[in-house]
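Residue numbers (numbering that gives the first Met the number 0): 0 to 143.
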Amino acid sequence: MSKIWVVVADASRARIFTASKPADGLTEVETLSNPEGRLHEGDLVSDRGGRISAGEGARHGYGAGSSAKDETINRFAATVCKHLERGRNSRAFGKLYVVAAPQFLGMMRKHQSDPLRGLISDEIATELTTQSAERIRAQLPEFL
Numbered sequence: 000m001s002k003i004w005v006v007v008a009d010a011s012r013a014r015i016f017t018a019s020k021p022a023d024g025l026t027e028v029e030t031l032s033n034p035e036g037r038l039h040e041g042d043l044v045s046d047r048g049g050r051i052s053a054g055e056g057a058r059h060g061y062g063a064g065s066s067a068k069d070e071t072i073n074r075f076a077a078t079v080c081k082h083l084e085r086g087r088n089s090r091a092f093g094k095l096y097v098v099a100a101p102q103f104l105g106m107m108r109k110h111q112s113d114p115l116r117g118l119i120s121d122e123i124a125t126e127l128t129t130q131s132a133e134r135i136r137a138q139l140p141e142f143l
């Protein structure tokens, strides 16, 4: 039976757990960090977006489209998926469970290859990165 991986991720951290058998507990084997994921937009850029007059005294701000924080989080999602791809290519796992904060899960999906998606048994859109392995395991199916 092939090894099972569980990745638990958010914008600032991805924890990778393994289980050898479907009913086993989880063992944390690796952590990927993105300290910039915890920063506020103002801490990532030095300039604010400008302001534009909309006539009749109304004014509103304008920016550059996607924020620096979104770009930082998107890069981390790509990094996490590349790490999972390396695991897939080396046959380190045969099943993958993805537990991620909802926005981060959406970003991760953009960076997953079709072969990697084929190994994903379930996705859970919730924030569990700060929880213990036991609490994370309790959120997963009884038999992985």
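Beta carbons: idealized from backbone N, C-alpha and C, even for Gly.
The model shown is predicted, which means the values in this text are computed figures rather than measured ones.
Residue state for E29 is assigned as strand, using DSSP reduced to three classes. The beta carbon of D9 lies closer than 7 Å to those of A99, A100, F103, E126 and T128 in the same chain, with the five residues before and after it left out. In the DSSP assignment, E122 falls within the unbroken beta strand (DSSP E) covering I119 to A124. Taken atom to atom, the span from the alpha-carbon of E70 to that of G105 is near 14 Å. Leaving aside the five residues that flank S1 on each side, the residues in its chain whose CB is nearer than 6 Å to its CB run, in chain order, G93. Under the 8 Å Cβ criterion, the stretch 8-28 counts as touching the stretch 70-81, having at least three qualifying pairs.
In this structure the stretch 105-121 lies against the stretch 77-86, because at least three pairs of beta carbons, one per stretch, are closer than 8 Å. K81 sits in a helix when the DSSP states are folded into three classes. In the displayed model, K109 falls within a helix according to three-state DSSP.
If you draw a straight line from the Cα of D121 to the Cα of P140, it comes to about 9 Å. Boundaries of the beta strand (DSSP E) around R14: R12 to A18.
Leaving aside the five residues that flank L115 on each side, the residues in its chain whose CB is nearer than 8 Å to its CB run, in chain order, C80, L83, E84, R87 and L95. No Cβ-Cβ contact shorter than 9 Å links A91 with G24.
Closest in C-alpha terms to R136, from the list D113, V97 and Q111, comes V97. In the structure shown, K94 adopts extended strand secondary structure according to DSSP, grouped into three states.
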